[in-house]
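Student: Per numbering that gives the first Met the number 0, the sequence shown starts with residue 0, numbered consecutively.
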Amino acid sequence: MQMNSIGPERLAFLDYAVDETFDDETVDSKEARGWGTNNSDFEAYCVDLALPDNPEGLGGIIEAQIGRSKNSVGVDLAGGSEAVALRDLLRQGFLGKALVTNYSDKPTDDDPRLYHIEGDLASRSTWANILGWQKEHAADGLDLVMHRPVGGLQNFQPFVYTSAANLLLDMIRPGGVMFCQIPRSLTRTRGQIGLNVVCSQITEREDLDRIVPSFVYPVHEEKKLDSVIITKKP
């Protein structure tokens, strides 16, 4: 699906993007999980995953799908103030151009290959800017989309996540990759129904190749993150 087929009506789900904090969660506990991993490198993205059936890990899956090319374009949503993970992928040759979004901080180290959009990911204007950037820089689709906002953007309704996931998948070219942290509201016990709804709708898509989950329960002693890697058919 090309960029010009994605219209503003696809952003209607953001009208329902209202944070619903869990009643049993204190402000202190949210802060403790918060944005402490603001500038994680790409290696941290990888080691936080539990992928026993995929020893090649996130990096290996990405390389198998998109290789290493200066023509590849990636996006990291809520990717940290200095976009460290994206810088790693640019330096290692996986990507030739990349976009990082965050709430307000612009990376201090200028790199002509790295672009920045600031704004709330619950806002239409932020997504409109992201779609506009893609139309200019990757009209045939992104090679890679990542979204790993540990502690943030965790408590929306399942409908919001389903719509956002399908939009992101439509923004990715055939053969591309999406790596996303699974929101906490879908992994808690009372959110399992919502997780089933999101998963069932995504698995109905005919353009997907593999869905590789890294599901980890809260008592997991290694404290890995609940995440998923989705690859699209070539």
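Every residue, glycine too, gets a C-beta built ideally from N, C-alpha and C.
Please work out which residues of its chain come closer than 6 Å, Cβ to Cβ, to residue 224, disregarding the five sequence neighbours upstream and downstream, and give them in chain order.
Tutor: For residue 224, where only same-chain residues beyond five positions count, the Cβ hits under 6 Å are 47, 180.
Student: Buried or exposed: which applies to residue 81, given that a residue is buried once 16 or more other Cβ atoms fall within 10 Å of its Cβ?
Tutor: Classification of residue 81: buried, given that the 10 Å Cβ count is 16 or more.
Student: Look up residue 58 in the DSSP assignment and say whether it is helix, strand or coil.
Tutor: Three-state DSSP puts residue 58 in a helix.
Student: With DSSP collapsed to three states, give me the class of residue 102.
Tutor: The answer is coil: DSSP assigns residue 102 none of H, G, I, E or B.
Student: Have a look at the DSSP bridge pairing and note the partners of residue 114.
Tutor: According to DSSP, residue 114 bridges with 98.
Student: Let's test the definition: count the other Cβ atoms within 10 Å of the Cβ of residue 52 and tell me whether it reaches 16, buried, or not, exposed.
Tutor: Counting Cβ neighbours within 10 Å, residue 52 comes out exposed, since fewer than 16 surround it.
Student: Strictly by DSSP, which residues pair up with residue 170?
Tutor: Per DSSP, none; premise fails for residue 170.
Student: Just the Cα atoms here: how many angstroms apart are residue 131 and residue 139?
Tutor: Distance between the alpha carbons of residue 131 and residue 139 is about 13 Å.
Student: How is the alpha helix (DSSP H) around residue 141 delimited, first residue to last?
Tutor: Element bounds for residue 141: not the alpha helix (DSSP H) but the beta strand (DSSP E), 141-146.
Student: Whole angstroms are fine: how far does the CA of residue 93 sit from the CA of residue 185?
Tutor: So the alpha carbons of these two residues sit roughly 31 Å apart.
Student: Hey, could you find the ends of the alpha helix (DSSP H) residue 184 is sitting in?
Tutor: Run containing residue 184: 183-186, per the alpha helix (DSSP H) assignment.
Student: Residue range of the beta strand (DSSP E) that residue 201 falls in?
Tutor: Per DSSP, residue 201 belongs to no beta strand (DSSP E); it is in the alpha helix (DSSP H), 191-202.
Student: If we call anything under 9 Å between Cβ atoms a contact, is residue 165 one with residue 183?
Tutor: Their beta carbons are not under 9 Å apart, which means residue 165 does not touch residue 183 by this criterion.
Student: Give the single residue among 177, 123, 162, 124 whose Cα lies nearest to the Cα of residue 62.
Tutor: Measuring from the Cα of residue 62, the nearest candidate turns out to be 177.
Student: Residue 12 by DSSP, collapsed to three states: which one?
Tutor: Here residue 12 sits in helix by DSSP.
Student: Roughly how far, in whole angstroms, is the beta-carbon of residue 168 from the beta-carbon of residue 204, given that I think they are within contact range, below 8 Å?
Tutor: Indeed, because the Cβ distance is near 7 Å, the residues count as touching under 8 Å.
Student: Alpha carbons only, please: which of 233, 77, 58 is nearest the one belonging to residue 45?
Tutor: Nearest option by C-alpha distance: 58.
Student: First and last residue of the beta strand (DSSP E) that includes residue 230?
Tutor: Segment 226-231, the beta strand (DSSP E) holding residue 230.
Student: From the DSSP secondary-structure annotation, give me the bridge partner or partners of residue 210.
Tutor: According to DSSP, which records beta bridges pairwise, residue 210 is partnered with 229.
Student: Could you tell me if residue 107 is buried or exposed, where buried requires 16 or more neighbouring beta carbons within 10 angstroms of its beta carbon?
Tutor: Label assigned to residue 107: exposed.
Student: Starting from residue 87, trace the alpha helix (DSSP H) both ways and give me its first and last residue.
Tutor: Residues 83-90.
Student: In this structure, does DSSP put residue 155 in helix, strand or coil?
Tutor: Coil.
Student: Could you check the C-alpha separation between residue 27 and residue 126 for me, to the nearest Å?
Tutor: Its pLDDT being 41, under 50, residue 27 is placed unreliably by the model, and nothing is read from it.
Student: Determine the closest residue to residue 163 out of 6, 10, 5, with distance taken between C-alpha atoms.
Tutor: Here the closest residue by C-alpha is 10.
Student: Thinking just about the alpha-carbon of each residue, which of 214, 99, 209 is nearest to the one in residue 144?
Tutor: Minimum Cα distance to residue 144 is reached at 99.
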